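As numbered in mature numbering (1 follows the signal peptide of the UniProt record, and there is no 0), residues -40 to -1, 1 to 430 make up the sequence shown, in order.
Below: the structure, in structure tokens.
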Amino acid sequence: MHPSQRVSSGRAGRRRTVSLLTAVVLSTGALAGAALPVQAAGPAQCPVDFASPVDYAVGTGPQSLATADINEDGRTDVVTSDHNGNSVSVLLGRGDGTFQPAVSTTVAQYPWDIVVHDLDSDGHLDLAVTDGYNSRVHILPGNGDGTFQAPASISLSGTPVDDIAAADFNGDGRADLAVAAHTTGLWVMSGNGDGTFQPAVNQAGPSAKAIVTGDFDADGHVDLAFTLDGMAANSSQYIGVRRGAGDGTFHPVVTYHNGSGQYQLLSTADVDGDDITDLVATSLYGTVSVLNGNGDGTFQPGADLVPGAMLEDVLAEDVNGDGAADLLVTTQPPGMFDPGHLLVLPGNGDGTFQSAVTYEPGNVPQKIVTGDFDGDGHKDVAVANISANAVSVLLNACDPAPTTPTPTPTTPTPTQKPVPPAKPKPPVKPAPKPAPKPAPKPKANPKLQAKQKAAQTKAKKVIKANPGRG
């Protein structure tokens, strides 16, 4: 379904600019016939616009999802954790915006969050899935063809286990895992490089819900940010940050607050255009709060937005191709007959955002991911719908506003009178070759002449004496 509220594409403004510039050029008295060089148009930008959602059936109750090339064919696939189906489902992409029927693999009871990473260093993508009922993480080694082996389980302390992230926290080139437990906080497990992990180490407590990773202080080490979800006293109003030391240890927790608190989920992006990672968080009270990064691992309060309704997920991505991060937010159904929404807030590139564009992706939308599903170079959106047992795919309907080349006035160069070409000279005839001189006659030799005359006289006498054979 197309959005119920659209953002202006700014086409009228561009046309007006061209008209005013033309008037200025004409008023300067530019000489008739003077060439006006055309200034090349900038990159095409799109207003936020997505096609009507298309649903793809997966397992029962999809809660979370991720995108990756699971079968190594160069096309983006989607994998879901099916909370009520005790499974994960894989939608293999065809590369044209459509997907093959889902293939499901049984995991365990109530899978919750999911991350895709090469956990055993074999070059194939694997899955790590948190258990929303027991305190476990399930590892499913990938075969590289879109299928997975039977899961191996890792037990943790605290229930339930919510969010999960994969990164190399200790700099050994192997994937490690960070896990948020609802009652015991943040845990990190160092990977052995073969799909197994060392015992989990608690990095923050007493409760955590969402995790994101990034290099917040530009020191080349992976840092952690996480939400404190209110299960413990005095912890509901904060976002915690632990800067990584690069060896698997972390600096002390620093907490931040902006807006109404009761933070739920997190995303990272540069939302204010300063090339520094910022944090974006949703709350139970329908707000989206921004913490602007300072580049040294610390943050300061930024925008506090109120898209409305109860929010489920937030993702900061540039979906309209203008170079500024936009916000994508899913909302819980505010009423019995309202299925919930996907809100897209176009970013202005300075930390502020425009009014939300609203879509209806299906029943009770949950987690959001983006990917180029149809190979057109634009980011498409997929949303997990826990009540519809489906993934809703919204293809980016980018239709760049037409741009008119802007003529740039220049000072005309004085015209010089053309110089007529010189008349061609007549061709020069080649000089006649001199006639060859006759060879000089040899000088007479009296002695030689006398000998020749005597020889001729003798020959005549011989001829007369021998007339021939009879």
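Glycine included, C-beta positions come from ideal geometry on N, C-alpha and C.
Please read all numbers here as calculations on a predicted model, not as lab measurements.
>> So, under 8 Å CB-CB, GLY53 and ASP78 are touching, yes? Tell me the CB distance rounded to an integer number of Å.
In response: Position 93 of the sequence shown holds residue 53. Position 118 of the sequence shown holds residue 78. About 19 Å; that fails the 8 Å criterion.
> According to the Cβ coordinates, are GLU272 and LYS339 closer than 8 Å?
Replying inline: Here residue 272 refers to the residue found at position 312 when the sequence shown is read from its first residue. Here residue 339 refers to the residue found at position 379 when the sequence shown is read from its first residue. Their beta carbons are not under 8 Å apart, which means GLU272 does not touch LYS339 by this criterion.
>> For LEU25 and ALA350, which I take to be in contact (beta-carbon distance under 8 Å), what is that distance rounded to the nearest angstrom?
In response: By one-based count along the sequence shown, residue 25 stands at place 65. By one-based count along the sequence shown, residue 350 stands at place 390. With a Cβ gap of about 11 Å, LEU25 and ALA350 do not count as contacting.
> Quick one, are the C-beta atoms of VAL121 and ALA141 less than 8 Å apart?
Replying inline: For the purposes of this step, residue 121 is taken as the residue at position 161 of the sequence shown. For the purposes of this step, residue 141 is taken as the residue at position 181 of the sequence shown. A contact, by the Cβ cut-off of 8 Å.
>> With a threshold of 8 Å, are at least 3 pairs of Cβ atoms found where one atom belongs to the segment 79 to 93 and the other to the segment 151 to 164?
In response: With a cut-off of 8 Å on Cβ pairs, the segment 79 to 93 is in contact with the segment 151 to 164, counting three or more such pairs.
>> Within a Cβ cutoff of 6 Å, which residues of the same chain sit near VAL213, ignoring the five residues on either side of it in sequence?
In response: Position 253 of the sequence shown, counted from the first residue, corresponds to residue 213. Here the set comprises ALA164, GLY200 and ARG202.
>> Judging by CA-CA distance, which residue of ASP56, LEU100 and ALA168 is the nearest neighbour of ASP86?
In response: In the sequence shown, residue 86 corresponds to position 126, counting from 1. When only C-alpha atoms are compared, the closest one is LEU100.
>> For TYR93, which residues in the same chain have their Cβ closer than 7 Å to its Cβ, ignoring the five residues on either side in sequence?
In response: Position 133 of the sequence shown, counting from 1, holds the residue named residue 93. Around TYR93: GLN69, TYR70 and PRO120.
> For the candidate residues ILE171, ALA88 and ASP175, whose alpha-carbon lies nearest to that of ILE114?
Replying inline: Sequence index remark: in the sequence shown, residue 114 carries index 154 (1-based). Closest option to ILE114, Cα to Cα, is ALA88.
> Does the beta-carbon of ASP235 have 16 or more other beta-carbons within 10 angstroms, so that it is buried, or is it exposed?
Replying inline: Here residue 235 corresponds to residue number 275 of the sequence shown, with the count starting at 1. Classification for ASP235: exposed.
> Which same chain residues, not among the five before or five after ASP56, have their C-beta less than 6 Å away from its C-beta?
Replying inline: Within the sequence shown, residue 56 is the residue found at index 96, counting from 1. So the list reads ASP334, once near-sequence residues are dropped.
> With respect to the beta strand (DSSP E) encompassing GLY200, which residues constitute its N-terminal and C-terminal limits?
Replying inline: In the sequence shown, counting from the first residue as 1, residue 200 sits at position 240. Looking at the DSSP string, the run of the beta strand (DSSP E) that includes GLY200 is 199 to 202.
>> Once DSSP output is grouped into helix, strand and coil, what is the label at THR371?
In response: The sequence position of residue 371 within the sequence shown is 411, counting from 1. Below a pLDDT of 50, predicted positions are generally treated as unreliable, and THR371, at 45, falls in that range; the measurement from the model is reported next regardless. Here THR371 sits in coil by DSSP.
> Residues in its own chain within less than 6 Å of SER347 by CB, not counting five upstream and five downstream?
Replying inline: The residue you call residue 347 lines up with position 387 of the sequence shown. Excluding sequence neighbours, SER347 sits near ASN323 and VAL324.
>> Going by DSSP in three states, residue 493 sits in which element: helix, strand or coil?
In response: In this structure the chain extends from -40 to 430, so residue 493 is not present and cannot be described.
>> Does TYR319 pass the burial test, meaning 16 or more other C-beta atoms within 10 Å, or should it be called exposed?
In response: For this step, residue 319 is matched to residue 359 along the sequence shown. Classification of TYR319: buried, given that the 10 Å Cβ count is 16 or more.
>> Using a 10 Å radius around the Cβ and a threshold of 16 neighbouring Cβ atoms, would you call GLN260 buried or exposed?
In response: In the sequence shown, residue 260 corresponds to position 300, counting from 1. GLN260 should be labelled exposed.
> Terminal residues of the continuous beta strand (DSSP E) containing ARG149?
Replying inline: If you number the sequence shown from 1, residue 149 lands on position 189. According to the sequence displayed, residue 149 carries Met and not Arg. Run containing MET149: 145 to 149, per the beta strand (DSSP E) assignment.
> Anyone know if the C-beta pair for ASP207 and GLY331 falls short of 8 Å?
Replying inline: Position 247 of the sequence shown, counted from the start, is the residue given in the question as residue 207. Position 371 of the sequence shown, counted from the start, is the residue given in the question as residue 331. Going by C-beta atoms, ASP207 is not nearer than 8 Å to GLY331.
>> Considering Cα atoms alone, identify which of PHE59, VAL63 and ASN280 is closest to SER41.
In response: As a first step, residue 41 must be located in the sequence shown, where it is residue number 81. Ranking PHE59, VAL63 and ASN280 by Cα distance to SER41 puts VAL63 first.
> Out of curiosity, what's the CA-to-CA distance linking HIS301 and GLY246?
Replying inline: The sequence position of residue 301 within the sequence shown is 341, counting from 1. The sequence position of residue 246 within the sequence shown is 286, counting from 1. Taking the straight line from one Cα to the other gives about 13 Å.
> Just how far apart, CA to CA, sit SER32 and ASN252?
Replying inline: On the sequence shown, position 72 is the one that residue 32 refers to. On the sequence shown, position 292 is the one that residue 252 refers to. According to the sequence as given, residue 32 is Glu; it is not Ser. Answer to the nearest angstrom: the Cα atoms are 37 Å apart.
> Taking the beta strand (DSSP E) that THR58 falls in, what are its first and last residues?
Replying inline: Start at 1 with the first residue of the sequence shown, and residue 58 comes out as number 98. Where THR58 is concerned, there is no enclosing beta strand (DSSP E), given that its DSSP letter is neither H nor E.
> Which class does TYR216 belong to by DSSP, given the choice of helix, strand or coil?
Replying inline: Counting from 1 along the sequence shown, the entry for residue 216 is found at position 256. DSSP places TYR216 in strand when its eight states are reduced to three.
>> Assuming VAL351 is part of the beta strand (DSSP E), what are its boundary residues?
In response: Numbered from 1 along the sequence shown, position 391 holds the residue referred to as residue 351. From DSSP, the beta strand (DSSP E) with VAL351 extends over 350 to 354.
> Quick one, which of PRO299, VAL353, THR242 and ALA229 has its alpha-carbon nearest ASP310's?
Replying inline: Reading the sequence shown from its first residue, position 350 is the one you call residue 310. With distances taken between Cα atoms, ASP310 lies closest to ALA229.
>> Can you find the residues in the same chain that come closer than 6 Å, C-beta to C-beta, to GLY19, ignoring five residues on each side of it along the sequence?
In response: Taking the sequence shown and counting its residues from 1, one reaches residue 19 at position 59. The residues are ASP42, GLY45, SER47, SER49 and SER64.
> Which whole-angstrom value describes the C-beta separation of PHE10 and LEU288, a residue pair presumed to lie in contact below a C-beta threshold of 8 Å?
Replying inline: The residue given as residue 10 occupies position 50 in the sequence shown. The residue given as residue 288 occupies position 328 in the sequence shown. PHE10 to LEU288, Cβ: 10 Å. No contact.
> In whole angstroms, what is the alpha-carbon distance linking VAL(-16) and LEU275?
Replying inline: Counted from its first residue, the sequence shown places residue -16 at position 25. Counted from its first residue, the sequence shown places residue 275 at position 315. A caution first: VAL(-16) carries a pLDDT of 30, below 50, which makes its placement in the model too unreliable to give a value.
> Taking 7 Å as the cut-off, does the CB of PRO22 come closer than this to any heavy atom belonging to the ligand ATP?
Replying inline: Within the structure as shown, the ligand ATP is missing, as the structure has no ligands at all.
> CA-CA distance, ASP136 and THR291?
Replying inline: Stepping through the sequence shown from its first residue, residue 136 is reached at position 176. Stepping through the sequence shown from its first residue, residue 291 is reached at position 331. ASP136 and THR291: Cα-Cα distance of roughly 32 Å.
> In terms of residues, what are the limits of the beta strand (DSSP E) holding ASP238?
Replying inline: Taking the first residue of the sequence shown as position 1, residue 238 is located at position 278. Unbroken beta strand (DSSP E) run through ASP238: 238 to 243.
>> Quick check: SER117 and SER95, are their CB atoms within less than 8 Å of each other?
In response: For the purposes of this step, residue 117 is taken as the residue at position 157 of the sequence shown. For the purposes of this step, residue 95 is taken as the residue at position 135 of the sequence shown. Against a cut-off of 8 Å, the Cβ pair of SER95 and SER117 comes out as a contact.
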